[in-house]
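Residue numbers (numbering that gives the first Met the number 0): 0 to 334.
Cβ atoms here follow ideal geometry from the backbone N, Cα and C, with glycine treated the same way.
Bear in mind that the values here come from a model prediction, so they are computed numbers and not experimental data.
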Amino acid sequence: MENLYIKQFPDLMSGKKILYVHGFASSGQSGTVVRMRTVMPSAVVIAPDLPLHPQEAIQLLRDTCTAEQPDLIIGTSMGGMFAEMLYGYDRIVINPALQMGDTMVSHNMVGAQHFQNPRQDGVQDFIVTKALVKEYKEMTQQCFSGVNDEERLHRVVGLFGDEDTTVDTYDLFASHYPHAIRFHGEHRMNDKSFMHSVLPVIRWFDDRQEHRERPIVYVGLDTLRDAWQKPTSSAQKAIRRLIEHYRVFFVAPSTTNEPQLMGQTVAWAMEYINVPAYDHLLFTNQLHLLYGDYLITSSSLYGASDFMGTHIVYGSDTFKTWEDIIEFFDRLGGQ
Numbered sequence: 000m001e002n003l004y005i006k007q008f009p010d011l012m013s014g015k016k017i018l019y020v021h022g023f024a025s026s027g028q029s030g031t032v033v034r035m036r037t038v039m040p041s042a043v044v045i046a047p048d049l050p051l052h053p054q055e056a057i058q059l060l061r062d063t064c065t066a067e068q069p070d071l072i073i074g075t076s077m078g079g080m081f082a083e084m085l086y087g088y089d090r091i092v093i094n095p096a097l098q099m100g101d102t103m104v105s106h107n108m109v110g111a112q113h114f115q116n117p118r119q120d121g122v123q124d125f126i127v128t129k130a131l132v133k134e135y136k137e138m139t140q141q142c143f144s145g146v147n148d149e150e151r152l153h154r155v156v157g158l159f160g161d162e163d164t165t166v167d168t169y170d171l172f173a174s175h176y177p178h179a180i181r182f183h184g185e186h187r188m189n190d191k192s193f194m195h196s197v198l199p200v201i202r203w204f205d206d207r208q209e210h211r212e213r214p215i216v217y218v219g220l221d222t223l224r225d226a227w228q229k230p231t232s233s234a235q236k237a238i239r240r241l242i243e244h245y246r247v248f249f250v251a252p253s254t255t256n257e258p259q260l261m262g263q264t265v266a267w268a269m270e271y272i273n274v275p276a277y278d279h280l281l282f283t284n285q286l287h288l289l290y291g292d293y294l295i296t297s298s299s300l301y302g303a304s305d306f307m308g309t310h311i312v313y314g315s316d317t318f319k320t321w322e323d324i325i326e327f328f329d330r331l332g333g334q
C-alpha cells in the first residue's frame with residue numbers, strides 16, 4: 000500500500016460494524032479490507048467471501064445483515080450491486096456494477112478465471128459459463144426494487160471513479176438516488192482514492208449516526224485558488240486536515256445573474272476539492288448571515304467582517320499562507 004496516504008482514525012466508526020462486500024473474483028481478504036482495518040482500527044470490519052452464484056451471494060449477505068446488524072455497508076463493483084439491494088442499512092456503493100451480466104460479457108469474463116485474492120475455502124480457480132452470466136443478468140433486474148424516500152435521501156451514497164474504464168453506471172444510479180458523486184480514481188481503489196474520497200463519506204455517515212455536531216468552518220473559495228485558477232499552496236492539504244475535525248463548507252459569491260460563472264465555480268470545486276465539496280458548497284453575498292464558528296476569506300467583502308464567529312483573513316500578517324492557518328487549527332486541537 001501507498002503508506003504516504005494511510006493514517007489511522009481510532010475514533011472513526013469506533014465500536015461499530017462495517018460490512019464490506021467485495022467485487023467479482025475477489026474475496027474478504029482484499030487490499031480494501033486491510034486498508035479499512037488499518038485506517039479504522041476501532042471498527043469491526045466484516046468481509047465474507049461471496050459465493051460465485053449471485054442468488055447464494057445475496058442470501059449470504061442478507062443473513063449476515065440479520066445476524067450482525069452492520070452500521071455501514073460498503074460495496075465495490077459487483078459488491079456495490081449487491082450492497083444496493085441491502086435495503087434498510089446505511090450504504091456506500093463504489094463503482095457499482097449494476098449491469099453485472101453485461102459487464103461480464105463486455106469484458107470477456109466468460110471462461111476460466113482465477114480469484115485475485117485468497118479465499119477461506121482455498122478455491123482459486125473457477126469458470127464463468129453462459130448460464131452464470133444469465134444468473135447475474137436476472138439478479139441485476141432486482142436492483143432498485145426497494146427504493147423509497149428514506150433510501151433515496153438518507154441511506155445510500157454512490158461514488159464513481161472518473162477514470163473507471165470497467166464500469167460506468169453513474170447515470171443509472173443517479174436516476175434512482177440523488178447522492179451520486181464523481182471521485183478522482185479508477186475502478187479499483189488505492190490508498191489515495193480511499194483516503195480522499197471514501198473516508199469523508201464514511202465520516203458523514205458516522206457523524207449522522209452519532210448526532211455529532213462538529214464546529215463549522217466556512218472557507219472562501221477565493222483563498223483556495225490563485226490568479227491562474229489553480230489551488231493555492233497547501234490549500235488541499237489544509238482542507239484534508241480540517242475535515243478530520245470540522246464540518247467544512249465552501250463559500251463563493253452569488254452570481255445568479257450569471258449562471259455560467261456559478262457552474263464554473265461548482266466544476267472547480269469538484270475538480271480540486273472533489274468529494275468533500277459535494278453538498279457543501281454555498282453561494283452567498285451575505286457572509287455575515289452565516290452561522291458557524293470560523294470563516295476563512297481573503298478579504299472582508301460581503302459582510303465577512305461582521306461574521307459572528309472567528310474571522311480569519313487569508314493573506315494577512317497573521318495568516319499569510321495556508322500553512323499558518325493549519326498551524327492555528329493544529330493548536331486548537333480540533334476544538
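Quiz item: Quick one: what does DSSP say GLY79 is sitting in, helix, strand or coil?
Solution: The count along the sequence shown starts at 1 and reaches residue 79 at position 80. Collapsing the DSSP output to three states places GLY79 in a helix.
Quiz item: At what residues does the alpha helix (DSSP H) containing THR63 begin and finish?
Solution: Mapped onto the sequence shown, residue 63 falls at position 64. Where THR63 is concerned, the enclosing alpha helix (DSSP H) stretches over 53-67.
Quiz item: In chain order, what residues of the same chain have a beta carbon less than 6 Å from the beta carbon of ARG181, not counting five sequence neighbours either side?
Solution: Locating residue 181 in the sequence shown gives position 182, counting from the first residue. Take ARG181, set aside five residues on each side of it, and the residues of its chain with a beta-carbon closer than 6 Å to its own are PHE159, ASP161, in chain order.
Practice problem: Please report the residue range of the alpha helix (DSSP H) in which ALA268 lies. | Solution: Looking up residue 268 in the sequence shown gives position 269. Start and end: 258-271.
Exercise. Could you tell me whether the Cβ atoms of PRO47 and GLY74 are closer together than 8 Å?
Key: Taking the sequence shown and counting its residues from 1, one reaches residue 47 at position 48. Taking the sequence shown and counting its residues from 1, one reaches residue 74 at position 75. Not a contact, by the Cβ cut-off of 8 Å.
Quiz prompt | Span of the alpha helix (DSSP H) around TYR135 | solution = Counting from one through the sequence shown, the residue named residue 135 turns up at place 136. From DSSP, the alpha helix (DSSP H) with TYR135 extends over 129-139.
Quiz prompt | Cα-Cα separation, GLY87 to GLY78 | solution = The residue you call residue 87 lines up with position 88 of the sequence shown. The residue you call residue 78 lines up with position 79 of the sequence shown. Going from the Cα of GLY87 to the Cα of GLY78 covers about 17 Å.
Quiz item: Anyone know if the C-beta pair for VAL166 and VAL200 falls short of 8 Å?
Solution: Position 167 of the sequence shown, counted from the first residue, corresponds to residue 166. Position 201 of the sequence shown, counted from the first residue, corresponds to residue 200. A distance of 8 Å or more separates the beta carbons of VAL166 and VAL200.
Practice problem: Kindly indicate which residue of THR139, GLY262, MET108 has the alpha-carbon position closest to the one of PHE125. | Solution: Start at 1 with the first residue of the sequence shown, and residue 125 comes out as number 126. The option with the nearest alpha carbon to PHE125 is MET108.
Quiz item: Opposite ARG90 in the DSSP bridges: which residues?
Solution: Here residue 90 refers to the residue found at position 91 when the sequence shown is read from its first residue. Paired residues: ILE72, VAL155.
Quiz item: Count the other CB atoms within 10 Å of the CB of ARG211; is the residue buried (16 or more) or exposed (fewer)?
Solution: Counting from 1 along the sequence shown, the entry for residue 211 is found at position 212. Exposed, by the Cβ-count rule.
Quiz item: So the beta strand (DSSP E) VAL218 belongs to, where does it begin and stop?
Solution: Working through the sequence shown from its first residue, we reach residue 218 at position 219. Residues 215-219.
Practice problem: For VAL364, name the three-state secondary structure that DSSP assigns. | Solution: With the chain covering 0 to 334 only, the question about residue 364 has no answer from this structure.
Quiz item: Helix, strand or coil: how does DSSP classify LYS16 here?
Solution: Translated into the one-based positions of the sequence shown, residue 16 becomes position 17. Correct three-state label for LYS16: strand.
Quiz item: Looking at the unbroken alpha helix (DSSP H) that takes in GLY100, where does it start and where does it end?
Solution: Counted from its first residue, the sequence shown places residue 100 at position 101. Taken as a continuous stretch (DSSP letters only), the alpha helix (DSSP H) holding GLY100 covers 99-105.
Self-check item: C-alpha distance - GLY184 paired with LEU241, whole-angstrom precision
Solution: What you label residue 184 is simply residue 185 of the sequence shown in a count that begins at 1. What you label residue 241 is simply residue 242 of the sequence shown in a count that begins at 1. GLY184 and LEU241 have their C-alpha atoms spaced approximately 22 Å apart.
Quiz item: Along the chain, where does the beta strand (DSSP E) that runs through PHE193 open and close?
Solution: To locate residue 193, count along the sequence shown from 1; it is residue 194. If you look at PHE193, you'll find it isn't in any beta strand (DSSP E); DSSP assigns it neither H nor E.
Exercise. With DSSP as the reference, label ALA96 as helix, strand or coil.
Key: On the sequence shown, position 97 is the one that residue 96 refers to. Here ALA96 carries a coil assignment [DSSP, helix/strand/coil].
Quiz item: Is HIS21 near LEU49, with beta carbons less than 8 Å apart?
Solution: Taking the first residue of the sequence shown as position 1, residue 21 is located at position 22. Taking the first residue of the sequence shown as position 1, residue 49 is located at position 50. Contact annotation: HIS21 and LEU49 have beta-carbon atoms nearer than 8 Å.
Practice problem: Measure from the alpha carbon of PHE114 to the alpha carbon of each residue in GLN140, SER174, GLY27, then state which is nearest. | Solution: Working through the sequence shown from its first residue, we reach residue 114 at position 115. With distances taken between CA atoms, PHE114 lies nearest to GLY27 out of GLN140, SER174, GLY27.
Practice problem: For the alpha helix (DSSP H) containing ALA251, list its first residue and its last residue. | Solution: Here residue 251 corresponds to residue number 252 of the sequence shown, with the count starting at 1. Run containing ALA251: none in the alpha helix (DSSP H); it sits in the beta strand (DSSP E), 246-251.
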